[in-house]
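Colleague: Residue numbers (my numbering): 2 to 218.
Glycine residues also receive a C-beta, built at the ideal position from the N, C-alpha and C atoms.
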DNA sequence: GACCAGGCACATC
DNA sequence: GATGTGCATGGT
């Protein structure tokens, strides 16, 4: 079977096994974006505590973040790890929205996908995965998010070579399955779901429920 | 106590 | 272009 068909078959297999994931878990676009930054190389459980802190202090707004000292922000998101760095990243994003959209997040989310992607990639601390998560989950654009699980699962199942770049993986998936926001949303969420359960760094492939033999390349 | 988690920037070769 | 390192908490 050619690779693109296996990419689709993998999606169908995951969908049948786990059903809809309905991501992103957030009450607003801004909360979603905060989550995409806070979860960088971090377990979601630790992110939840940080977001809960921000919410209980009623801080989820562009204006409030703008007037919040970076040091205070870092304290509030402590549980998510890398808190000094992440506080700066959040500030960088807020400054971007203030500067380019007069603080109007809705205006940012409505911008053309390619232009917005380019602009977001220039924010220090916001890399390709975070940008694509913002585009897909906050702005509802049809963009596939590649993450560590995507790479790990696809390579262990022989669907991509060891050395495959972020953009190459993204292209492969976007050329294989229909360019549809809901499908990209579910596919990424499903890969994280099965990855958390069966595709950790070690041990390799323990109890993998998927139909492909991970050892055949 | 080691290893890992829904990355990213920066230095160095 | 590839490879190595710092960033840091909390769960297993």
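Going by C-alpha to C-alpha distance, which of 70, 194, 88 sits closest to residue 78?
Modeller: Indexing the first chain from 1 puts residue 78 at position 77. Ranking the options by Cα distance to residue 78, first place goes to 88.
Colleague: Judging by CA-CA distance, which residue of 14, 18, 25, 4 is the nearest neighbour of residue 183?
Modeller: Numbered from its first residue, the first chain carries residue 183 at position 182. With distances taken between Cα atoms, residue 183 lies closest to 25.
Colleague: Work out the CA separation of residue 40 and residue 68 for me, nearest whole Å.
Modeller: The sequence position of residue 68 within the first chain is 67, counting from 1. The sequence position of residue 40 within the first chain is 39, counting from 1. About 23 Å.
Colleague: So the candidates are 83, 211, 120; which of them puts its Cα closest to the Cα of residue 158?
Modeller: The residue you call residue 158 lines up with position 157 of the first chain. For residue 158, the nearest C-alpha among the options comes from 211.
Colleague: Suppose the cutoff is 8 Å on Cβ atoms and the five residues either side in sequence are ignored; what does the same chain contact list for residue 162 look like?
Modeller: Numbered from its first residue, the first chain carries residue 162 at position 161. The answer, listed in chain order, is 156.
Colleague: Does the separation of the CB atoms of residue 136 and residue 127 fall below 7 Å?
Modeller: To locate residue 136, count along the first chain from 1; it is residue 135. To locate residue 127, count along the first chain from 1; it is residue 126. No. Outside cutoff.
Colleague: Can you tell me the Cβ-Cβ gap for residue 124 and residue 85, rounded? I've got them flagged as a contact below 8 Å.
Modeller: Here residue 124 refers to the residue found at position 123 of the first chain. Here residue 85 refers to the residue found at position 84 of the first chain. Residue 124 to residue 85, Cβ: 17 Å. No contact.
Colleague: Would you tell me roughly how many angstroms separate the C-alpha atoms of residue 186 and residue 138, rounded to the nearest one?
Modeller: The sequence position of residue 186 within the first chain is 185, counting from 1. The sequence position of residue 138 within the first chain is 137, counting from 1. For residue 186 and residue 138, the distance between alpha carbons rounds to 7 Å.
Colleague: Quick check on residue 190: buried or exposed, where buried means 16 or more other Cβ atoms within 10 Å of its Cβ?
Modeller: The count along the first chain starts at 1 and reaches residue 190 at position 189. Residue 190 is buried by the Cβ-count criterion.
Colleague: Tell me where the alpha helix (DSSP H) around residue 13 begins and ends.
Modeller: For the purposes of this step, residue 13 is taken as residue 12 along the first chain, with counting starting at 1. That run of the alpha helix (DSSP H) goes 4-19.
Colleague: Expressed to the nearest angstrom, what Euclidean distance is found between the alpha-carbon atoms of residue 119 and residue 171?
Modeller: Locating residue 119 in the first chain gives position 118, where the first residue counts as 1. Locating residue 171 in the first chain gives position 170, where the first residue counts as 1. Approximately 16 Å between the Cα atoms of the pair.
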